[in-house]
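Working notes, beginning with the structure itself.
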Ligand code: HEA
Ligand code: HEA
Ligand code: CUA
Ligand SMILES: [Cu+2]
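Chains as they are written, first to last, in this note's numbering: chain F, 332 to 561; chain S, 7 to 329; chain W, 525 to 1068; chain E, 22 to 118.
Have a look at this one:
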């Protein structure tokens, strides 16, 4: 910890309301965990809607999910998992005070994160081309044609796609925020702000990133994998 | 006496008395609790008011007291719950033989249609002493069918049927309110329920209708829409025989069974693929957009009438009185 | 705030720094509390202004004062402003912000900048809301029921939804700050069982804010998306369920009523012991009942939907659960009352408000039991009975608690005393005006007058006239404190550190407190409410 | 004071497991297991989430009880939302109208 008790007053990055760094770190980490709790409930509202409508409109949901590109979806899952790895390693690098390694890993995370968003963009564009965006231009003909055995009712397929866009859209928004946070972390890592004693922001940012990853881990099976086969 | 200053709503249905009884019980209970608590507060405030040199006595608390005043209220609450639930259960379970009235709500009026074919707007005539079941849906937003004198209220939803029932006990004219906020004229979406003596009611029925019964209208609609091409009264049809299905469980293709009630028939017409009858192919086209809520109502009334006619023929529905 | 009024003999949080920037960029929780105070007072009077217009319109059966559409906007915006911009932030963001760090013996909240951010969020939300109000308003009812709000209303639903969405984040961040502060920043020796009940109440409130508000946020966002981008999650024409919105909305909005009442209960649990000179009766029962309310509060939401078309069985489940949540409230009422037993009771203004709170909350709560009884609710739901029920709790309960707390801690906040006799007079006016306004509405409700009615059948007029008359008295009662509080900031008697002789760390520091709250972090070695060790102020006449 | 430093090998091992699970879940989707497709998909997702929470987010190692309490409380609340909503949807068909 600090070299001398005199230095306590001047610890770098210690805010005045805290007694010591440990208190500050614990506060920050609890704060992030609690915040992630609120995020769970935020997505929870949509999961609830998903659950109910899936129970009602089983076939329409199956048809909708079959129209998604499973290759892109799986790739994106893998991309996110890779980014989680780089984040975890990054936190480790910060713990050990390896500045260059940390920078490298943060940059890698940014690349994976942006890669995810690009792939997601491609998928959304496909939906646009296929007229699967809910609203007046929505067209379910193709779904009905491709899945004769499911006896689709066109109206509720829009619900599937509404949920698809709401869920992946808000998830992507979280990714964008995450990328913003990681730009900020990269900048300060580059300036050499983070030391083995003080790297709370990296840890906290990492928690957020992993959380966004976990949301996707659930979105992927729910949206892509449901009833490919039946 | 209190024309401008009523203090109690007229009870005019068989259920009203039950609701009033529970309400009075609750008023007494709440009154007693309030009185007890207010008295204690006032007595303590006066008796233990600050006097110089007199100190408060520190009391830590008391577990037996805490347990008592959690358990006793809980027990009382359970009594209220059960009582309220019993009333509710009755209110929500229409007698099987009730006469149906179909209600379609829209911004901002009530359209009511009797089984015999009489249509009314913002006014519902019913006979005294009969069970009346309301089968209600909305064309736009949520409304709520509220007759204070009967102590009944039920939201009317777009996209499905909700039901309510009552048994009027006292002739008279009562308020009908829309109780769920539905836009500009929400407070203007009011009407009246006119409870008539049975004879007056029969007279009104006989005099009024020029349309033919609801079921008969449904039957002609059934033919116009070409339903009989598939739904025939023998087993040759491509669709199931509709005679006698109403109110019975239906075996579905995926193994479930559902009760063939109004909501199910409605769904069968508007989104036929949602539930496939066991042994049939999903070939029935949707009639969404081709029929409006009134017409769906008529079709349902017709299919229901098929279950009632003693002969199992998909043929003519009972001729309605007055046609 | 006119901080210049305080003579500059000693440095405290009001006079460390001057100028508008020192307020707008402050991270001091006490200054932020005052920023909130100003903000929500503005919104309270806006909401109250709408309320007066509502009452005036209802003076006569015919809709003759405003147009039907205007009336619909009035009650919608009255509800939204009062709930989201006044009552939810009221006690937590003003008194909680001011007191939570002091009560736990900390220099500030854990995240002062986030604290400031939440005030800015509320202001941003407030500006959006004001813009909505000025440029045409919104008429969806505060409940935003679909499909009216998504497909039929042609007013500014999107804007109002976003305003409340943003305000929600302000509320979440405040809760987050409290939870972390209470867990991490308690002074040495301040164990959980020594915390003031105000802190327990705020802890419970924060749980609800944290776990409930996000669901409201996503629900409103989906409504906004549905209007703006034609997403179709609640749309019945596309197979959506009109009840799904209600489930999600009430999942938040029922617990939210406890966001509004729990802090007020915390205030009352501070005031009653102080003016009875006694330790609170049943400390742990009162503390645990707060947590129980926060948990059970999430299990009852569909009691707002008994006639909405939910299944018979789930209606029964939700009805029985509603009774469970009433038990902890009962525990509280009984314990407060028992606290007065064998006390030495002083009748200062805060105590009057606290006693008013107990009475009116009990009445409001007991009528909640009527509503939770299925058979009764069918008749009285969506009538003035419900209106009376919740105004009894929210105005008679929460607002009274808020005013009581404001009077109680005003000497700490401003360093000045307000004129005591005016305080008592205002408290009495509020009490009388309140009952006259809302008691007749119980009768109206059982008679069957539906709520949200612009015009009504003439037989309801007499009761409505009474109610309108009451609301004008009530208005006087609310304007008075505002005037004498402002007056006292300049002319009030100087208050010493502990004018009431109250227990609690906040009274151990100067009035007004220094920016860092405590010269040095206190070490706590005593239990909460140790009134046997603190002399009543009347016994030691200082500062009065 | 700081959290323990885990080895790179462990992290990479977790990563490899996650990737494997992803591939498995995607391939199982093409096998017809009836209603069990959903079950398998959700079980695998939960496994993956657990791995991330326990190792990448360090909950298994340093974290004190409080973090675990926050997680459990959140999941509990989520289940309240899901179960009590389903209490309505699941029993609607049972009501005689
Ligand atoms: C702060 C706000 C607040 C609080 C604390 C409460 C508390 C309670 N509320 Fe209320 N309620 C609202 C605000 C609040 N409510 C609002 C805003 C609405 C309408 C929303 C809208 O539609 O716009 C509403 C509507 C509402 C409804 C729906 C009505 C309808 O629309 O049909 C119901 C139904 O169950 C209900 C019940 C209850 C119950 C059981 C409690 C309980 O928590 C009360 C517990 C307290 C007590 C019971 C009193 C003390 C106890 C004793 C003294 C014990 C002794 C008693 C005995 C032994 C009998 N409330
Ligand atoms: C915290 C919440 C809160 C508070 C404090 C109040 C306070 C009041 N409310 Fe409110 N009310 C609600 C929350 C609240 N209400 C909600 C949620 C609804 C439901 C909305 C809906 O249906 O969607 C509702 C609905 C509602 C209705 C029913 C409308 C209807 O259904 O048609 C009525 C009718 O009497 C009413 C009256 C009042 C009155 C008289 C007060 C009084 O207590 C107000 C007293 C305050 C004042 C009188 C302010 C004094 C101000 C001045 C004198 C100056 C004003 C001028 C300036 C701008 C400077 N309210
Ligand atoms: Cu229809 Cu209100
Ligand atoms: Cu409620």
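We put the beta carbon where it would ideally sit given N, CA and C, even for glycine.
What three-state label does DSSP hand residue 108 of chain E in the structure shown?
helix
Check whether the Cβ of residue 505 of chain F lies closer than 7 Å to any heavy atom of ligand 4, and answer yes or no.
no
Starting from residue 408 of chain F, find everything on chain E with Cβ-Cβ shorter than 7 Å and list it in chain order.
43
Check whether chain F comes within 8 Å of residue 87 of chain S, counting only Cβ atoms and requiring the distance to be less than that.
no
Find the nearest neighbour of residue 904 of chain W within the set S:265, S:183, S:212, S:191, judged by alpha-carbon distance.
S:183
Report the neighbours of residue 838 of chain W on chain E: residues whose CB is nearer than 7 Å to its CB, in chain order.
108, 109, 112
Is it the case that the CB of residue 886 of chain W approaches a heavy atom of ligand 1 more closely than 7 Å?
yes
Rounded C-beta distance between residue 90 of chain S and residue 898 of chain W? I'm assuming under 8 Å.
4 Å
Taking residue 728 of chain W as the reference, give the member of W:866, W:946, W:810 with the closest Cα.
W:810
Can you confirm whether residue 7 of chain S, when its beta carbon is compared against all beta carbons of chain W, has any partner nearer than 8 Å?
Note that residue 7 of chain S has pLDDT 37, beneath the 50 cutoff, so the model's placement of it is unreliable and the number below is only indicative. Judged by the 8 Å Cβ criterion, residue 7 of chain S is not in contact with chain W.
In whole angstroms, what separates the C-alpha of residue 937 of chain W from that of residue 63 of chain S?
31 Å
Report buried or exposed for residue 153 of chain S, applying the criterion of at least 16 other Cβ atoms within 10 angstroms of its Cβ.
buried
Can you name the residues of chain S whose CB is closer than 7 Å to the CB of residue 471 of chain F?
Those do not exist, as residue 471 of chain F stays about 12 Å from chain S at its closest Cβ, beyond 7 Å.
Between S:244, S:139, S:233, which lies nearest to residue 296 of chain S when the distance is taken from Cα to Cα?
S:233
Report, in whole angstroms, the separation of the C-beta atoms of residue 614 of chain W and residue 926 of chain W, which I expect to be a contact under 8 Å.
5 Å
Can you list, in chain order, every residue whose CB sits closer than 5 Å to a heavy atom of ligand 3?
S:149, S:184, S:188, S:192, S:195
Closer than 8 Å at the beta carbon, the chain S residues around residue 558 of chain F:
Within chain S, no residue comes near residue 558 of chain F; the closest Cβ sits about 13 Å away, beyond 8 Å.
Sufficient close CB pairs (3 or more, under 8 Å) joining the segment 364-381 of chain F to the segment 84-93 of chain E
yes
Residues in the segment 356-372 of chain F with C-beta within 9 Å of chain W's C-beta atoms, listed in sequence order?
357, 358, 359, 361, 362, 365, 366, 368, 369, 370, 371, 372
Just checking: is the beta-carbon of residue 57 of chain E within a distance shorter than 8 Å of some beta-carbon in chain F?
no
Interface residues of the segment 636-649 of chain W facing chain F [CB-CB below 7 Å]:
636
Three-state secondary structure assigned by DSSP to residue 255 of chain S
strand
Going by C-alpha to C-alpha distance, which of W:544, W:665, W:1042 sits closest to residue 595 of chain W?
W:665
What separation, rounded to the nearest whole angstrom, lies between the Cα atoms of residue 646 of chain W and residue 657 of chain W?
16 Å
Proximity of residue 896 of chain W and residue 827 of chain W at Cβ, strictly below 8 Å:
yes
Could you check which residue in W:941, W:760, W:579, W:923 has the C-alpha nearest to that of residue 885 of chain W?
W:923
Would you please verify whether the beta carbon of residue 543 of chain F is less than 8 Å from any beta carbon of chain W?
no
Over what stretch of residues does the alpha helix (DSSP H) that includes residue 376 of chain F continue unbroken?
352-387
Are the CB atoms of residue 433 of chain F and residue 439 of chain F within a distance shorter than 8 Å?
no
So that I know if they touch, is there some Cβ in chain W lying closer than 8 Å to that of residue 36 of chain E?
no
Assign residue 921 of chain W to buried or exposed, taking buried as 16 or more other Cβ atoms, counted over all protein chains shown, within 10 Å of its Cβ.
buried
Would you tell me roughly how many angstroms separate the C-alpha atoms of residue 764 of chain W and residue 219 of chain S, rounded to the nearest one?
33 Å
Who are the near neighbours of residue 30 of chain E in its chain, counting only those whose CB is closer than 6 Å to its CB and skipping five residues on each side?
none
Reference residue 520 of chain F, options F:450, F:478, F:475, F:437, closest by Cα:
F:437
Would you be able to state if there are at least three C-beta pairs under 8 Å between the segment 266-280 of chain S and the segment 297-314 of chain S?
yes
Using the beta-carbon count (16 or more within 10 Å), is residue 52 of chain S buried or exposed?
exposed
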